[in-house]
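Novice: Below is a structure I'd like to ask you about.
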């Protein structure tokens with residue numbers, strides 16, 4: 001099974017900060033990497049698919065990058081509504097595992 | 001508007017069975033793969049099972065193989081997860097989710113609000 005490791009597990013940041021979250025796969029996943037945002041008590045929401053494609057309706061301050069085993073989610077200027085937990089997930093064969101999550105908190 | 005509405009959760013004793021269902025609307029259900037993803041209280045997301053549009057291809061995470069069965073009724077636009085031999089570690093909020101397509105890249109573009117399953121004596 002492919003293991004997904006996110007870093008950091010949590011971070012504190014201020015409104016306007018640039019934030020980058022990293023996701024590392026235990027083997028190459030050919031850019032089959034998705035990012036989801038989850039707010040407390042809510043269902044996850046798709047942000048980025050196929051490593052760098054922005055889902056329709058998602059603000060352009062979100063971007064995804066990377067290749068091979070290492071991927072990033074970047075928020076260019078953190079907004080109050082961005083405080084949430086973020087998960088990566090690979091889709092390179094089953095099981096389609098998620099990372100453990102990164103909680104973005106207000107500094 | 002795509003809507004996914006889960007139902008059927010509840011409290012069940014260890015070793016018992018439960019069926020959670022998902023009613024889909026707002027899209028051509030028969031054309032899309034679907035999935036169940038769960039989240040234990042205070043924990044992260046865990047993919048559980050997926051089924052492709054023709055129902056001929058089903059996939060499960062190892063911990064539920066042989067105990068859970070995913071199925072769909074394309075005539076009723078419903079997705080089900082039959083859960084048998086339930087364990088305490090199956091306690092979670094079970095989300096129904098829709099894939100954006102049936103070929104790569106696979107990603108879940110719509111999610112329901114979840115159905116809580118609690119396994120406890």
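Chains as they are written, first to last, in the working numbering: chain A, 1 to 107; chain B, 1 to 121.
Note that beta-carbon positions come from the ideal geometry of N, C-alpha and C, so glycine has one too.
With three or more beta-carbon pairs closer than 8 Å as the criterion, would you say the segment 70-85 of chain B touches the segment 64-73 of chain A?
Specialist: Not touching, per the Cβ criterion.
Novice: Using DSSP with H/G/I as helix, E/B as strand and the rest coil, what is residue 55 of chain B?
Specialist: Correct three-state label for residue 55 of chain B: coil.
Novice: Whole angstroms are fine: how far does the CA of residue 61 of chain B sit from the CA of residue 70 of chain B?
Specialist: Taking the straight line from one Cα to the other gives about 12 Å.
Novice: Rounded to the nearest angstrom, what separates residue 58 of chain B and residue 39 of chain B at their Cα positions?
Specialist: Cα-Cα distance, rounded: 20 Å.
Novice: From this set, B:120, B:53, B:80 and B:121, which residue's C-alpha is nearest residue 27 of chain B's C-alpha?
Specialist: Looking at the Cα atoms, B:53 is the closest of the given residues.
Novice: Residue 26 of chain A to residue 5 of chain B, Cα distance in whole Å?
Specialist: Whole-angstrom Cα-Cα distance: 34 Å.
Novice: Strictly under 9 Å for the Cβ-Cβ distance: is residue 97 of chain A near chain B by that measure?
Specialist: Answer yes: the Cβ-Cβ gap between residue 97 of chain A and chain B drops below 9 Å somewhere.
Novice: Under 9 Å Cβ-Cβ, which residues of chain B neighbour residue 46 of chain A?
Specialist: Going along chain B in sequence order, the residues near residue 46 of chain A (Cβ under 9 Å) are 100, 107, 108, 109, 110 and 111.
Novice: Buried or exposed for residue 3 of chain A, please, with buried defined as at least 16 other CB atoms from any protein chain shown within 10 angstroms of its CB.
Specialist: It is exposed - the Cβ of residue 3 of chain A has fewer than 16 other Cβ atoms within 10 Å.
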